[in-house]
Amino acid sequence: MRKIGSWPITIAALFLAFLTYSLLGAVDPALVTLINPFVVLVFSVAMLYGETAGLLMGTAAGLLQDAFSYGVFGLAGLSFIMSGFLMGWFSQKLDLNSFSKRFLFVFIFSILQLSIWVILYALIFKKSLLYTQPFIYLQPATTSLLVSGLVWLFRKWQLKGDVG
Amino acid sequence: MSFLRLVKNKYFLAGILFFFHLILISTQVPLGSKQTLLEKIGFQLFSPVQKTVVSGLNFIKSSYEEITNLAFLRQENQRLKKEVFFLTQEKQILTQKLRLYRAEKELTENLAFLRLTVIPARVIGFDTANFYRTAIINRGYEDQVVKNLPVCDKQGNLVGRTAEPVSAHEAKVVLITSEESGVAVASVTDKMLGILVGDGQGKCYIKYVIASSNLGIQGDEIETSGLDRVFPPGIKVGRIISISSEKGMFKKILVQPYFNLRNLELIAILKENLSER
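Sequence lines, in order, name chains E and B.
Start counting the first sequence at 1; every next residue gets the next number (this note's numbering).
Start counting the second sequence at 1001; every next residue gets the next number (this note's numbering).
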C-alpha cells in the first residue's frame, strides 16, 4: 500500500471536493449529478495510491456526500468503498499508463460505482434514480475524463518533482 | 495476530468498512428520514463551508452582474446624455415657440382696445449707428406693411412707426427714441399737448410746451393724442421723469418711454390706422 500522503493533504483534498460540490450546486443543481467531485476524488486517490487509500477516501467522501443528501446514510459510502477498493486493486495490476486506457478503466469503474449506488437506492427506496436524473447518464464519462486528466497531471507533476 | 495488524490488512479493512456501511444502512433504513449522529456531525461540520461557498458564489455573481450592469449603465448613460441634449434643444425651441405664441397672444390682447388689425412682427435688427434710432422688422409690403404705421410692443406701448424702405418682407421702424421721430402726445392727467421727440439716447422729450404754462406733472403718464393722424389716440408712450423750464421759452420735459429696447423682440404693427386716415 502506498501512502496517500499526510493527513492534512487528504483532508484538504476532501475539503476541495466538497467545495467543488458546493460550487457546482450553487451554479446549477443539475451539475451535481453530471460531475460528482467525491467520486472523482475517490477514484483519483485509488488510482494513485491503491486500494486501501481508495477504501478510506471512499468512506470519508461517501459519508460526507450522504450527510448532504436526503437519503440513507452510508449508501454512497458503500458504493464508494466497493468501487474505490476494486479500482485501487485493479489499477495496481493493470498497465494504465496511457490516457485512453485510464479513461476506459475509470469509465468501467464509474459505471460500476453508479450501478451499485443506483441498485442500492432502488432496493431501499423502491424507485430508480435513472428516470429522475437525466444527467446521471453522463456522469461516468465526466468522471473518467476528470480522473484520467487529474492522474495524468499528478504523475506529470510528480515526475517533474523527481527530476528536480 | 493483533487487531492493529489485522486493520493494516487491506482485505480485512475492506471487509470491516463494507460491513460498517451495511450496518449503517441497516440502522438507517428503519429510522426513515431521521438522521444518525454521524450524519448530523458530518452535516454540522460541513454545512458552514457550503454556506460560505454559496455566499461567495452569490457575491461573485452579484459582483459580475454589477460589473456588467456598469458597462450597460455606461452605455445607457451615454445614450441618455445624448437624449437629454436633444431634448434640451427641443425644449428650448418649444419654449421659445411657446414664449412667442404667448407674446403674440398677449400682444393681440393688449392692443385689442385699439380695434385695429395687428400685424405681429419680429425685430430682426437695429440701426448699427445708433440702436435707439431704428429697428428692422420681418414684415414688408407682402404683409401689407406700408410706411407710417404705428408700431407697439407686446404690452401695447408705443415703439415707433414704420418707415421707408419697405421691402417685400422687411421694413424699417423709426423708434420714438430717435431724433427723427415726432409723435403728437398728451399727458393723461392735465392733457398737456406736445410733440414727443427722441433724444437718441433712449429717452424722449416733449417739445413745444410753453415755459410759463403750469401744465406738466412729473411722473404723469404720456399717451398719443392722435393729432398727428399717424398714431391713434390712447397708446401709452411713457412717463415724465423730469420737467425743467430754465432755458428758453419752452419747457424741457424728459420722458422715459415704456418700451424696453432690449426686450423688443415681438412688436405689433397697427394696420387699420392707414385705412382710417
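The C-beta atom is built at its ideal place from N, Cα and C for all residues, glycine as well.
Beta-carbon spacing of residue i, residue j below 9 Å
| i | j | result |
| --- | --- | --- |
| B/V1183 | B/V1230 | yes |
| B/K1203 | B/I1241 | yes |
| B/S1181 | B/L1175 | yes |
| B/G1234 | B/P1257 | no |
| B/R1102 | B/A1121 | no |
| E/A17 | B/L1057 | no |
| B/K1010 | E/T52 | yes |
| B/D1153 | B/A1268 | yes |
| B/L1149 | B/L1254 | no |
| E/I116 | E/V72 | no |
| B/H1021 | E/G62 | yes |
| E/A67 | B/I1041 | yes |
| B/G1156 | B/N1214 | no |
| E/F15 | B/V1049 | yes |
| B/V1197 | B/E1179 | yes |
For residue i, the nearest candidate out of the options (CA to CA)
| i | options | result |
| --- | --- | --- |
| E/M57 | E/L112, E/I81 and E/I108 | E/I81 |
| B/K1191 | B/L1045, B/V1197 and B/S1225 | B/S1225 |
| E/T10 | E/S83, E/L23, E/R102 and E/A46 | E/A46 |
| B/Y1208 | B/N1260, B/Q1201, B/L1193 and B/T1177 | B/L1193 |
| B/I1195 | B/K1147, B/K1251, B/S1245 and B/Q1201 | B/K1251 |
| E/Q113 | E/I136, E/K156, E/G50 and E/L14 | E/I136 |
| B/V1159 | B/V1123, B/K1105 and B/E1142 | B/V1123 |
| B/T1189 | B/D1199, B/E1142 and B/E1223 | B/E1223 |
| B/V1146 | B/N1110, B/H1169, B/V1053 and B/Q1050 | B/H1169 |
| B/M1249 | B/E1142, B/I1210, B/S1047 and B/E1039 | B/I1210 |
| B/A1186 | B/Q1096, B/D1199 and B/Y1205 | B/Y1205 |
| E/L31 | E/Q158, E/R155, E/P134 and E/L159 | E/P134 |
| E/L24 | B/D1228, B/E1104 and B/K1051 | B/K1051 |
Contact set for residue i: own chain, Cβ-Cβ below 6 Å, skip 5 residues either direction
| i | result |
| --- | --- |
| E/A122 | S128 |
| E/L172 | There is simply no residue 172 of chain E to check, as chain E begins at 1 and stops at 164 in what is shown. |
| E/I111 | P140 |
| E/I100 | According to the sequence shown, residue 100 of chain E is Ser rather than Ile. Excluding positions up to five away in sequence, the list is empty. |
| B/E1106 | K1154 |
| E/Q158 | none |
| E/V147 | V40, F43, S44 and V106 |
Helix, strand or coil at residue i [DSSP, three-state]
| i | result |
| --- | --- |
| E/V39 | helix |
| E/A122 | helix |
| B/P1232 | coil |
| B/E1170 | coil |
| B/N1260 | coil |
| B/E1104 | helix |
| E/P134 | helix |
| B/A1121 | strand |
| E/F102 | The residue asked about is misnamed: residue 102 of chain E is Arg in this sequence, not Phe. In the structure shown, E/R102 sits in a helix (DSSP, three-state: H, G or I). |
| E/G84 | helix |
| B/V1188 | coil |
| E/M1 | With a pLDDT of 45 at E/M1, under the threshold of 50, the predicted position of this residue should be treated as unreliable, though the coordinate-derived value follows. If DSSP states are grouped into helix, strand and coil, E/M1 belongs with coil. |
| E/V32 | helix |
| B/E1142 | helix |
| B/E1065 | helix |
| B/A1211 | coil |
| B/S1244 | strand |
| B/T1177 | coil |
| B/G1182 | coil |
| B/G1219 | coil |
| B/D1127 | coil |
| E/E51 | helix |
Cβ neighbours of residue i in the same chain (closer than 8 Å, five flanking residues each side left out)
| i | result |
| --- | --- |
| B/T1036 | L1024, T1027 and Q1028 |
| B/T1144 | The displayed chain sequence assigns Gln, not Thr, to residue 1144 of chain B. Taken in chain order, the residues that qualify are I1119 and K1271. |
| B/G1125 | A1135 and I1136 |
| B/N1260 | D1153 |
| B/F1131 | L1261 |
| E/W7 | none |
Proximal residues to residue i (C-beta, below 7 Å), its chain only, five neighbours per side dropped
| i | result |
| --- | --- |
| E/L120 | L75, L78 and S79 |
| E/Q65 | F38 and A76 |
| B/Q1092 | none |
| B/L1100 | L1266 |
| E/L138 | L34 |
| B/A1171 | I1137, R1139, G1140, V1145 and T1162 |
Contact the segment 86-95 of chain E vs the segment 41-48 of chain E: 3+ CB pairs below 8 Å: Yes, since at least three Cβ pairs between the segment 86-95 of chain E and the segment 41-48 of chain E fall closer than 8 Å, the two stretches touch.
_Taking contact to mean 3 or more Cβ pairs, one atom from each stretch, closer than 8 Å, check whether the segment 1257-1271 of chain B and the segment 1212-1219 of chain B are in contact._
No contact exists between the segment 1257-1271 of chain B and the segment 1212-1219 of chain B.
Item checked: Contact between the segment 1084-1093 of chain B and the segment 1123-1140 of chain B (3+ Cβ pairs under 8 Å) -> No, the segment 1084-1093 of chain B does not touch the segment 1123-1140 of chain B.
Closer than 8 Å is the cut-off here; do at least three beta carbon pairs connect the segment 135-143 of chain E with the segment 27-36 of chain E? A contact exists between the segment 135-143 of chain E and the segment 27-36 of chain E.
Under 8 Å: do the segment 98-117 of chain E and the segment 147-156 of chain E share three or more Cβ pairs, one atom per stretch?
They touch, by the three-pair rule.
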